[in-house]
Amino acid sequence: MSNKIRYNSANIFFREKFGDKVIKVALDGGFTCPNRDGTLSYGGCIFCSEKGSGDFAGDRSLDIEKQFEVSRQKMNKKWKDGKYIAYFQAFTNTYAPLEYLQKIFTKASNLPDVVGIFIATRPDCITEDIAKFLGELNKKIYVCIELGFQTSKGESIKLINRCYENEVFEDCIEMLNKYNIDIIVHTILGLPYESKQDMLNTVKYVSKFNISGIKLQLLHIIKDTALHKLYIKNPFKILTLEEYVDIVVSCIENLPTNIVIHRVTGDGDKNTLVEPKWSLNKKVVLNSINRELNIRDTYQGVLFSQ
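Spelled out as structure tokens, the structure:
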């Protein structure tokens, strides 16, 4: 990496792959989650909002073509040119019959100027048939699966009500690899009672597998979630900006350079975000991370070891 590029960002990846600015359009495919409907649990993971972590997704009362057009018109005010990723973010976006998935993702692949489909889901909600279909679709348009993993720590897995073991994640990675589907792993930094070493352990664990990308998401306490109720009842430590920056930079140092870092913070809704309030100024957070990388004169992968 050059002196100016200290980590492998999504912007770099998209420009190299598609030769243009790429804009994500969050779509709501009308899914739910086995952690909400009683199949595994009720209420979802404790950090998840009532919109299934799709707070910026389209209106699920509209079909995806209309959702896309509404979002595209908004995006065009900021970016006149560019290509689009159809991003299925809310809830568990493979938790449906195969026929429905074939219909909705094929529709998404035919949206104007869409060059890829990103599908956020759980590793226990991808069957062999689903993986095979996505592998075939991937031959026509870029498909990437985003697995909600969050943490490798056993106590935290129970606390956040994830409802699947790490072995399920490992099996899913192996299956998606078989069909040559790119994988992004979503992790959360700042979960209750986790130390910096716990968070680094998660990053190191994830780095062992054949994945293409990772998201380093700051924990957001969202109003009226189970996490918010836990915080009111038994307040736990919230990371300061300085602590978070230190952890993110350390995570970057421990990630191999071939893994694309798709996120280093997160977008919170000012109307529902309880903590940390400092995260609302995303520009300050990103500038602080870049400044710390420069101060340390460090790069992605400098501490990575097999």
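Each residue of the sequence shown is one higher than the one before, counting from 178 in my numbering. Each residue gets a CB set at the ideal place from its N, CA and C atoms; glycine is no exception.
For Tyr264, the first and last residue of its enclosing beta strand (DSSP E) | 260 to 265
Residues bridged to Asp359 by DSSP?
-> Answer is Cys321.
Roughly how many angstroms separate the alpha carbons of Arg237 and Asn287, rounded to a whole number?
-> 19 Å
Quick one: residues in its chain with C-beta nearer than 7 Å to the C-beta of Gly231, no 5 flanking neighbours on either side, listed in chain order?
-> Caution is warranted here: a pLDDT of 49 is assigned to Gly231, below 50, making its placement in the model unreliable, and the coordinate value is therefore given only provisionally. So the qualifying residues of the chain are Ala203, Asp205, Gln266, Ala267, Phe268.
Are Thr449 and Lys406 touching if we call contact CB-CB under 8 Å?
-> No, these two residues do not count as a Cβ contact at 8 Å.
With C-beta atoms as the reference, is Val422 less than 8 Å away from Ile466?
-> yes
What do you get for Glu430, buried or exposed, if any count of 16 or more other CB atoms within 10 angstroms of its CB means buried?
-> Counting the other CB atoms within 10 Å of its CB gives Glu430 a total of 16 or more, which places it among the buried residues.
DSSP state of Thr283, grouped into three classes?
-> helix
Taking the alpha carbon of Ile391 as the point to measure from, which residue in Leu324, Asn253, Gly259 has its own alpha carbon closest?
-> When Leu324, Asn253, Gly259 are compared, the shortest CA-CA separation from Ile391 is found for Leu324.
Any 3 or more C-beta pairs closer than 8 Å across the stretch 339 to 350 and the stretch 212 to 230 | yes
With DSSP run on the structure shown, which of helix, strand or coil describes Glu452?
-> strand
DSSP-derived helix/strand/coil call for Thr379 | helix
Would you be able to state if there are at least three C-beta pairs under 8 Å between the stretch 344 to 363 and the stretch 411 to 426?
-> With the cut-off at 8 Å, the stretch 411 to 426 and the stretch 344 to 363 do not touch.
Terminal residues of the continuous alpha helix (DSSP H) containing Arg299?
-> Element bounds for Arg299: n/a, residue is neither H nor E.
Hey, Phe326 and Phe346 are a contact pair by Cβ (cut 8 Å); roughly how many whole angstroms apart?
-> 6 Å
Where in the stretch 376 to 429 do unbroken runs of the beta strand (DSSP E), each at least 3 residues long, occur, reported from the N-terminal end onward?
-> 390 to 395
Could you pull the start and end residues of the alpha helix (DSSP H) that Ala308 belongs to?
-> 305 to 314
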